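One structure below.
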Amino acid sequence: MLSYDVTEWGKPLQKALRETPAPTGTEVLVRVKYCGVCHSDVHIRDGYFDLGGGKKFQMSDRGMKPPVTMGHEPYGTVLSGGPDAGALPIGEDRLIYPWTGCGVCARCLEGKDNWCPAPRYLGIQRSGGYADYMLVPHSRYLVDATGIDPSYAPILACSGLTTYSAVNKLKPYSSEDWLVVMGAGGLGLMAIAMLHAMGHERIVSCDIDAGKYAAAKAAGAAETMNPADAGTLARLQALQGGIAGVVDLVGASQTAQLGLASMRKGGRYVLVGLFGGEIPLSLVPVAQRALTIQGSYVGTVDELRDVVALAKVGKLKPIPTETRPLDQVSRTLDELKAGTVVGRVVAKID
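Just so it is clear: in the sequence shown, position 279 is 291 by this note's numbering, and no numbers are missing.
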């Protein structure tokens, strides 16, 4: 099999050839056809996430030791299974849920693998989809996405799932409420499209790159603003009824401060982005303004099936997506790091 691996943190991925793995136990062997290239892989390739204040969360502390095959948005053909895999859709294409857990803890048994305290995520602790073959630990992580363009379906496993789970945490809100989406990259555009798919129209997209505003409007944003502009806070606070909720797909100090300051009483701030940093937080106003501050990390396999269902019936509007050969994955990660990608990139594995 062929793969592109992290062999040294922060360096371009290296092509590798090794024996194709054989599934054991409940494992399923998949021939990968497409794999989304996610911004999270920029941080994973670098080997750390910025925690602010000079602190870093090292990927080596999460069980990653090079060589590592990243790629957590795979889509491919089911080839075979281990002796305990049960009935499988052999020869059929499936979207793969990547946020797999240990399978035996309370969270996994509740169907919340993404909250497992000992995660075994595909493309992080387990080999991922920047390869032509991969192993999936169980058939329950195979999701039927028939009818969705296979070059687009992979991003539903992360961008789609992550934003679906996050925007649902903004509830309850009414059709008259204004909601803010921080960031108009791949996740930001998907969050706008997700809110629009749920019937919401009063959406503000905030991004420092005005070149992304057209894509945000096309996805369903009613307003676009630059979070770095001095007057943006006042503009947000002046919107009729105030800001009911903010979903932050950037997760930088600037977007967090703006998001929290902009909300009316009872507002909900949902943090998703992993850009990194920290903010000072006065505790009394949080209580007096009855604010909710919540983190949101990917989602469950059941939520992924909900996302796929939205896409199948045409409610979830596709965001700009470019397909590139797998051998351009390092270039794509570089462009994601520089912030020059509009929408998403999906690697095609020949």
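Note that the Cβ used here is the ideal one computed from N, Cα and C, for glycine as well.
These numbers were taken from a predicted model, which means no experiment stands behind them.
What number of angstroms, rounded off, separates the C-alpha of residue i from the C-alpha of residue j?
i	j	result
R132	T175	21 Å
R367	V325	What is shown of the chain runs 13 to 362, which leaves residue 367 out entirely.
L207	V179	7 Å
L293	M76	33 Å
R138	A130	12 Å
V358	I291	34 Å
M210	T32	42 Å
G123	G243	44 Å
Q26	Q252	52 Å
L199	L14	29 Å
G140	M194	28 Å
M202	F287	17 Å
A97	H150	7 Å
G307	Q266	17 Å
I56	G263	16 Å
T304	Y109	29 Å
I215	Y87	31 Å
I102	A273	52 Å
D339	A143	10 Å
P239	L270	7 Å
V284	Y309	6 Å
W11	G257	Outside the shown range of the chain (13 to 362) lies residue 11, about which nothing can therefore be said.
A302	I255	13 Å
I185	P337	Per the sequence presented here, residue 185 reads as Tyr, with Ile not at that position. So the alpha carbons of these two residues sit roughly 42 Å apart.
G223	F61	27 Å
Would DSSP call residue i helix, strand or coil?
i	result
C120	helix
P297	helix
I220	coil
Q137	coil
L328	coil
A302	coil
I291	coil
T32	coil
I361	coil
G172	helix
V310	coil
I204	helix
K183	coil
Q252	coil
I102	coil
D125	helix
R317	helix
G88	strand
Y16	strand
K27	strand
R152	helix
E188	coil
Y145	strand
Looking only at C-alpha atoms, which of the options sits nearest to residue i?
i	options	result
G93	D241, Y145, T333	Y145
L107	W127, P33, A157, T81	A157
I331	R356, A169, V282	R356
E334	V320, V319, A350, K360	K360
Y342	A250, G48, T36	Strictly speaking, residue 342 in this sequence is Ser, with Tyr absent from that position. Ranking A250, G48, T36 by Cα distance to S342 puts G48 first.
L168	P101, L41, A321	A321
V44	D53, M82, T236	M82
L245	S72, A205, A268	A268
V319	D53, Y16, I160, V296	I160
Q300	L41, M275, P166, D362	M275
G289	L63, A28, D17	L63
P162	L173, E104, I204	E104
E316	W111, L191, G59	Per the sequence shown, the amino acid found at residue 316 is Leu instead of Glu. Nearest option by C-alpha distance: W111.
I220	G37, V296, A350, D73	A350
Assuming residue i and residue j are in contact, meaning their beta carbons sit under 8 Å apart, how far apart are those beta carbons, in whole angstroms?
i	j	result
A231	K329	7 Å
L182	V259	6 Å
T344	D125	Contact doesn't hold; Cβ gap of about 27 Å is too wide.
V196	A234	This sequence places Ala at residue 196; Val is not what is there. Wrong, their Cβ atoms sit about 13 Å apart, outside the cutoff.
E20	C50	Going by Cβ atoms, the distance from E20 to C50 rounds to 20 Å, so no, they are not a contact pair.
V40	V90	6 Å
S177	H212	Contact doesn't hold; Cβ gap of about 16 Å is too wide.
D17	A28	5 Å
V192	C218	6 Å
V42	V148	6 Å
G59	G22	6 Å
Return yes when the C-beta of residue i is under 7 Å from any heavy atom of the ligand NAP, and no when it is not.
i	result
C47	The ligand NAP is not part of the structure shown, which contains no ligands of any sort.
* Output the residue ranges of the beta strand (DSSP E) runs that lie fully inside the region 31 to 83 and measure 3 residues or longer, sorted by chain position. => 40 to 49, 60 to 64, 67 to 70
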